[in-house]
Amino acid sequence: MGVPAFFRWLTKKYPSIIVNANEDRQRSADGTRIPVDATKPNPNFQEFDNLYLDMNGIIHPCTHPEDRPPPANEDEMFALIFEYIDRIFSIVRPRKLLYMAIDGVAPRAKMNQQRSRRFRASKEAWEKQASIEEQRRRLEEEGVPVPPKKENQTHFDSNCITPGTPFMASLFLLHRIYVLYFCSCVILSDANVPGEGEHKIMDFIRKQRSNPAHNPNTVHCLCGADADLIMLGLATHEANFNIIREEFVAHQQRPCELCGQYGHDLKNCRGLENEEKGPEQADPISKEKNFIFLRIPVLREYLERELVMENLPFKYDFERVIDDWVFLCFFVGNDFLPHLPSLEIREGAIDRLVKLYKDMVYSMKGYLTKDGGVYMDRVERIMLGLGEVEDEIFKRRQQEDERYKAIQKAKKARLSGGSRPHAPSYVPQPGSLIAPEKKATPLSGEVTRSLAASARIEAMKYSENDEAARRLKVLLKEEGSSSVDGGNSNRKRKTDAPLDLDSDEDCVDEIRLFESGWKDRYYRAKFDVGEEDVEFRRKVAWAYVEGLCWVLKYYYQGCVSWDWYFPYHYAPFASDFDTVSQFKPDFCRETKPFKPLEQLMSVFPAASKQHLPLHWQKLMTDDDSPIIDLYPIDFRIDLNGKKFAWQGVALLPFVDEVRLLRTLRSVYTLTEEESARNTIGPNRIFIGREHPAFDFFKELYTDDAVKSVDIDPAFTYGVSGRITTDSTAVAPNQPFPSPVKDKSCPDLPVSFFLFSSCSLQ
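Numbering (our numbering), first residue to last: 52 to 812.
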């Protein structure tokens, strides 16, 4: 979830929720690795029933690991992914179920964030590579030896970790082989099953809880590093819920992208002048990362102490209070809505909201939420209470910012030896909101090829937009990558000035939240509306509170609308919630998710077009494409009061769903392989020979008839649901075809493993 600093704040405030994970390390004998015996008692002095893997939290770090050199190809990436799963499994040792969930097509509300991330990732990767080449050129001109270029080296596009790509299709096939080596009951929810991985897991847990046969003492363990897993764990109301994640190591060094040595960054690289690594060049991250457990039951105990309220005029219900606490946390950040301007976790935003809640709950005479629904009048009162102190919050923030800048400037002066006893006091200029654009300069062909390098070094702007777009499009076609596009509402793509985001210089703050009139300036700058347009502010606030209702239902009931999204880049102020009690959210209209390839067209920049069908790629680059405006060449990043680019707002145009799908209908001719990647599939359950339900599953495949039956939880360790026979299942005594073409992984004899596969509803 998009809540920077939440995990740090939570563990600092409630330190006992974290414990280190004990682990039996894998041993080697004569060069052969000996697997850890996971049948032995758990070394963490607690036995776990079910292990859930949010696979995208595993896939991403394995494609660019921090504790080892990057994998050379996809095969090495897949090997690292399965090694990671092996390690987690040996720590947790689930006794009943392993559930592996890969992100499928996300709701439209999440796709907007995915679009922003993928456009940024593509742009940053291109700029980084060009920066490396620029530094290499400079060092060569100085006569400094540099590492030779690696011939035929292909850049791994991390955007391929998205449903519908060939990479994810290959990963699914390998997963089906991998589970055959695993425990006796595995559920695999792959990228063809719609929904985010963690929410598919939560949907499964909710369905199990609704069954009368569910064991309330089931011990769950979920693997993942996202902050929203903590909220989701609380939302289950399960008594024994734990999260396992990598231990965070602050200030971890990374090797220089050019020479591969440690102790300096790219801009300070001196090539191979020091070929023999000294102590400062040693690899500081050669050891494996440790894991920790976050214990939700202990967090519940902390919250029960903190959220106690005496003499309420209604019955106290701690489970309802937990739901309200989760709801309040949505205001400081989530993946679907921008956080309110007056709320920053580092400034104690959650504590402030909790205090308001505890003070007002007596007069509200009830809780904020119930069963995933929201009481609008009570939310309005909380927000207006926050709105009364927004002025104070903004002024205090400015004072702290000035103080921090003064300290940093004094520190910098001391380090540089430029400090003077009677130096004038430092009066900082307000922080930049949108980095300024320098005067337009026509691009030569050579400059175009190093566009990304200069993007972070020198601010530039193209005066001849059409010519620049044409040149970069040619570059995209010739080299397979391009500077990523920006957020223009015009039908033709235009280029905006890249931002000098690393500059220490401060620019004019046109909002000045710490001065009177801040609200009018904010809406004029961010929404282009005047101070008299009060109706527009109400519209934004209503859309925001509708989003809060959607998010809460998403956490407690599942996705109630696949096509809803917040249609603005910025949030309103708390004081703008003065009429939300009149708003009634309605998610009754039936909606359905995008197909995987349609989602790729919604979230990918043109630089990642290679993952799409060939005739779809042209829609991203041809000037006469009816949707060319969705794939701009460059885009502005509004720093919005922040210092770093990743904290800013990417001003990309929102996807016009109707126009996109209408355009795709004209090119919807797919190959068999592309059609397979574009299908919506089911969850699958794999049952092993040693499992009590194996004979029951095997009976379903005595003939070719499609059967759909309910599972008896008595034979599946409490797992309930309805299964349908799977046409892709391999019958016993038949080989399981390997997706790996060489001899390193031959077809597997299913007669040995005696696994059956069924769809799980």
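The beta carbon of each residue, even a glycine, is placed where N, CA and C say it ideally should be.
- Taking only the alpha-carbon atoms, compute the straight-line gap between K115 and F218 and give it to the nearest angstrom. The sequence shown places His at residue 115, not Lys. Approximately 15 Å between the Cα atoms of the pair.
- Item | Span of the alpha helix (DSSP H) around L599 | V585 to Y607
- Message: Using CA atoms only, rank isn't needed, just tell me which of Y353, K604, W376 and L225 is closest to I69.
- Response: Y353
- Message: If I measure Cβ to Cβ from C274 and keep anything under 8 Å in the same chain, skipping five residues before and after, which residues do I get?
- Response: L102, Y103, L104, D105, G108, I109, I139, V143, I294, I295 and R296
- Task: Express the C-alpha separation of D755 and A276 in angstroms, rounding to a whole number.
- Result: 43 Å
- Item | Start-to-end residues for the alpha helix (DSSP H) that takes in M151 | Not the alpha helix (DSSP H): M151 falls in the beta strand (DSSP E), residues L148 to A152.
- Item | Boundaries (first-last residue) of the alpha helix (DSSP H) holding L407 | A400 to M415
- Item | Cβ-Cβ distance between L225 and F129 below 7 Å | yes
- Task: Quick one: grab the DSSP three-state call for I736.
- Result: strand
- Is it the case that the Cβ atoms of E431 and S632 are separated by a distance below 7 Å? yes
- Item | Continuous alpha helix (DSSP H) stretch holding A576: start and end | W569 to F578
- Between which two residues does the alpha helix (DSSP H) containing F129 stretch? E125 to V143
- Task: Have a look at the DSSP bridge pairing and note the partners of D637.
- Result: Paired residues: none, contrary to the question.
- Task: Check the C-beta distance from S771 over to N262 and give it rounded, since I have them as a contact under 8 Å.
- Result: 4 Å
- Query: When you compare only the Cα positions, how much space is there between S532 and F695?
  - Reply: Any answer about S532 is weak, because its pLDDT of 39 lies below 50 and its placement is not dependable; what the coordinates show is given next. Their Cα atoms are separated by approximately 25 Å.
- Message: Give me the residue from A625, Y413, L419 and C310 with the minimum Cα distance to I444.
- Response: A625
- Task: Identify the continuous beta strand (DSSP E) that holds N319 and give its terminal residues.
- Result: Premise fails: N319 is in no beta strand (DSSP E) and is neither H nor E.
- Query: Where in the stretch 363 to 405 do unbroken runs of the alpha helix (DSSP H), each at least 4 residues long, occur, reported from the N-terminal end onward?
  - Reply: 369 to 380
- Per DSSP, which residues does S79 bridge with? Please list them. R84
- Message: Please classify W697 as buried or exposed, where buried requires at least 16 other C-beta atoms within 10 Å of its C-beta.
- Response: exposed
- Query: CB-CB under 7 Å to E247, same chain, minus the five flanking residues each way: which ones, in chain order?
  - Reply: D154, A157 and K161
- Give every residue of the same chain whose Cβ lies closer than 7 Å to the Cβ of E441, excluding the five residues on either side of it in the sequence, and list them in chain order. S393, F624, A625 and S626
- Anticipated Cβ contact below 8 Å, R710 with P677, distance rounded: 7 Å
- Item | Which listed residue (I343, V349 and S235) has its alpha carbon closest to that of L285 | V349
- Message: Going by the DSSP bridge assignment, what does C274 pair with across the sheet?
- Response: L104 and I295
- Completely contained beta strand (DSSP E) runs for the stretch 433 to 459, where each covers 3 or more residues: none
- Compare the beta carbon distance of F617 and A594 with 7 Å and say whether it is the shorter of the two. yes
- Task: Thinking N124 and I343 are a contact (beta carbons under 8 Å), I'd like their distance in whole angstroms, please.
- Result: 31 Å between Cβ atoms; not a contact.
- Under 7 Å between the Cβ atoms of E249 and L280? yes
- Message: Quick check: what's the CA-CA separation for Y367 versus G417?
- Response: 9 Å
- Message: Report the CB separation of Y408 from D375 in whole angstroms; it is logged as a contact under 8 Å.
- Response: 7 Å
- Item | Bridge-paired residues (DSSP) for D761 | R773
- Any heavy atom of the ligand MN closer than 6 Å to the Cβ of V270? With respect to the ligand MN, the structure offers nothing, as it holds no ligand at all.
- Query: In whole angstroms, what separates the C-alpha of P656 from that of P764?
  - Reply: 46 Å
- Message: Given a cut-off of 7 Å on the beta-carbon distance, is the pair Q186 and L283 in contact?
- Response: no
- Task: Work out the CA separation of Y313 and F58 for me, nearest whole Å.
- Result: 28 Å
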